[in-house]
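**Student:** Reminder that position 171 of the sequence shown reads as 170 in numbering that gives the first Met the number 0, one-by-one numbering, no gaps.
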Amino acid sequence: MTSDTATGAVVLVGCGRLGSAILEGWLTTSTVAPADLIILTPSSKPAADQAQRQGASINPDLSELARSRVVVLAVKPAMWRAALEPLLPHLAPDALIVSVMAGVKSADIASLSARTVARVMPTTAVAQASGVAALWSSDAIAADAARTLFAPLADVVDLEAEDQMDAATAVAGSAPAFIYAFVAALAQAGTGQGLSEEAATRLARGALKSAGSGAGTGEALDILIARIASPGGTTRAGLDAMAEDGGLTRAAEAAVNAAVERARSL
Ligand SMILES: NC(=O)c1ccc[n+]([C@@H]2O[C@H](COP(=O)([O-])OP(=O)(O)OC[C@H]3O[C@@H](n4cnc5c(N)ncnc54)[C@H](OP(=O)(O)O)[C@@H]3O)[C@@H](O)[C@H]2O)c1
Numbered sequence: 000m001t002s003d004t005a006t007g008a009v010v011l012v013g014c015g016r017l018g019s020a021i022l023e024g025w026l027t028t029s030t031v032a033p034a035d036l037i038i039l040t041p042s043s044k045p046a047a048d049q050a051q052r053q054g055a056s057i058n059p060d061l062s063e064l065a066r067s068r069v070v071v072l073a074v075k076p077a078m079w080r081a082a083l084e085p086l087l088p089h090l091a092p093d094a095l096i097v098s099v100m101a102g103v104k105s106a107d108i109a110s111l112s113a114r115t116v117a118r119v120m121p122t123t124a125v126a127q128a129s130g131v132a133a134l135w136s137s138d139a140i141a142a143d144a145a146r147t148l149f150a151p152l153a154d155v156v157d158l159e160a161e162d163q164m165d166a167a168t169a170v171a172g173s174a175p176a177f178i179y180a181f182v183a184a185l186a187q188a189g190t191g192q193g194l195s196e197e198a199a200t201r202l203a204r205g206a207l208k209s210a211g212s213g214a215g216t217g218e219a220l221d222i223l224i225a226r227i228a229s230p231g232g233t234t235r236a237g238l239d240a241m242a243e244d245g246g247l248t249r250a251a252e253a254a255v256n257a258a259v260e261r262a263r264s265l
């Protein structure tokens with residue numbers, strides 16, 4: 000890390016889909032020097048192996064955790080107590096905990112660990128340093144440490160309250176899957192209008208990429224839409240059809256509400 004936490008190690012607990020994506024992002028952006036990385040993973044993972052080749056420690060003796068400054072918890076919500084508890088006696092007393100887990104409250108993590116906690120909800124596009132991440136902490140130092148780790152990988156969006164994290168999880172962490180599902184439905188609709196499956200899928204994926212580059216400009220969504228949908232044109236006809244019976248809004252609300260409910264039940 001390039002900030003005042005540069006002297007401590009970053010401990011990544013869990014190197015699954017999200018943990019690996021974060022690791023790849025850190026290495027490609029040089030956010031964390033490999034020598035300052037400690038990775039704890041029960042099984043071998045390509046991203047961890049790559050980090051180890053560059054100088055990171057994998058599953059070292061727990062005494063190594065004394066040099067920890069930030070611990071990033073990236074295990075499944077059901078596993079976090081079992082993963083964190085054995086590490087606690089070995090961590091630096093002032094180590095900060097950054098949880099990227101859905102649905103686990105910072106008060107629960109703080110209460111078990113007796114340490115300050117920040118929560119971050121990133122998308123796996125952090126691997127390509129093009130993610131988005133919601134961030135919340137009641138503590139400014141923990142928030143800054145989390146921002147230092149994630150800002151090079153993602154557009155970091157500060158939340159006003161922790162209870163907004165579940166909604167942010169639905170609208171960011173889960174949403175790429177919702178959007179892929181919509182793109183698959185678009186391709187399916189294209190085959191209904193005579194396109195081959197291969198052509199429909201390539202066209203719909205290409206449309207997703209085009210939409211992504213538009214979104215990357217930061218322009219307002221209604222301006223991006225207006226640029227494509229001229230009055231009386233084909234796009235406008237499609238947009239009007241999607242809006243007509245509220246079907247699109249209902250589908251989005253159903254997906255977000257169900258994801259929020261699931262996060263709250265974890
Ligand atoms: N995937 C996403 O897009 C996404 C987005 C936002 C937030 N999240 C959050 O990120 C967390 C991880 O999700 P995921 O999708 O990456 O799950 P995952 O692929 O199942 O990864 C979890 C990893 O935790 C490891 N693990 C289990 N016990 C451990 C322990 N005691 N110490 C260290 N590592 C341990 C597992 O190792 P083994 O593989 O060796 O069993 C596994 O690789 C979840 O809490 C989820 O809510 C995920």
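For each residue, glycine too, the CB sits at the ideal point set by N, CA and C.
Cα-Cα, which of Gln-127, Ile-140 and Leu-152 is closest to Ala-133?
**Tutor:** Leu-152
**Student:** Kindly indicate the opening and closing residues of the beta strand (DSSP E) around Asp-93.
**Tutor:** For Asp-93, no beta strand (DSSP E) run applies, since DSSP gives it neither H nor E.
**Student:** Using the C-alpha atoms, what's the distance from Ala-101 back to Ile-224?
**Tutor:** Near 31 Å, if we compare the C-alpha coordinates of Ala-101 and Ile-224.
**Student:** For Ala-46 versus Glu-23, is the C-beta spacing smaller than 7 Å?
**Tutor:** Yes.
**Student:** Using the rule of at least 16 other Cβ atoms within 10 Å of the residue's Cβ for burial, across every protein chain shown, is Ser-56 buried or exposed?
**Tutor:** buried
**Student:** Consult DSSP for Leu-194 and reduce its assignment to one of helix, strand or coil.
**Tutor:** Residue state, collapsed to three classes: coil.
**Student:** What is the DSSP secondary structure of Leu-26, reduced to helix, strand or coil?
**Tutor:** helix
**Student:** Near Ala-202, which residues of its chain fall below 8 Å by C-beta distance, leaving aside the five closest residues on each side in sequence?
**Tutor:** With the sequence shown as reference, residue 202 is identified as Leu, and Ala is not the correct amino acid for it. Within the same chain, Ala-186, Gly-189 and Leu-194 come within 8 Å of Leu-202 by CB-CB distance, once the 5 residues on both sides are set aside.
**Student:** What separation, rounded to the nearest whole angstrom, lies between the Cα atoms of Thr-4 and Ala-160?
**Tutor:** A caution first: Thr-4 carries a pLDDT of 43, below 50, which makes its placement in the model unreliable, though a value can still be read off. Each residue's Cα considered, the two are about 25 Å apart.
**Student:** With distance defined between alpha-carbon atoms, name the residue in Val-12, Ile-222 and Val-70 nearest to Ala-145.
**Tutor:** Val-70
**Student:** Does the pairing of the segment 38-45 with the segment 94-111 give three or more beta-carbon distances under 8 Å?
**Tutor:** no
**Student:** Quickly, what does DSSP pair Pro-121 with across the bridge? List them, please.
**Tutor:** Ala-132
**Student:** According to the neighbour-count rule (16 or more other Cβ atoms, all chains shown, within 10 Å of its Cβ), is Gly-7 buried or exposed?
**Tutor:** buried
**Student:** Compare the beta carbon distance of Ala-139 and Ala-258 with 7 Å and say whether it is the shorter of the two.
**Tutor:** Their beta carbons are not under 7 Å apart, which means Ala-139 does not touch Ala-258 by this criterion.
**Student:** Nearest by alpha-carbon distance to Val-97: which of His-89, Ser-112 and Leu-72 is it?
**Tutor:** Leu-72
**Student:** Bridge partners of Asp-157, per DSSP?
**Tutor:** Leu-134
**Student:** Looking at the structure shown, is Ala-263 part of a helix, part of a strand, or coil, going by DSSP?
**Tutor:** Note on residue identity: the sequence assigns Arg, not Ala, to residue 263. Three-state DSSP puts Arg-263 in a helix.
**Student:** Does Val-69 come out as helix, strand or coil in the three-state DSSP assignment?
**Tutor:** strand
**Student:** From Leu-86 to Leu-95, what distance separates their C-alpha atoms?
**Tutor:** Across the structure, Leu-86 and Leu-95 are spaced so that their CA atoms are roughly 13 Å apart.
**Student:** Which residue marks the beginning of the beta strand (DSSP E) containing Gly-152, and which one marks its end?
**Tutor:** One detail in the question is off: residue 152 reads as Leu in this sequence, not Gly. Here Leu-152 belongs to no beta strand (DSSP E), and DSSP marks it neither H nor E.
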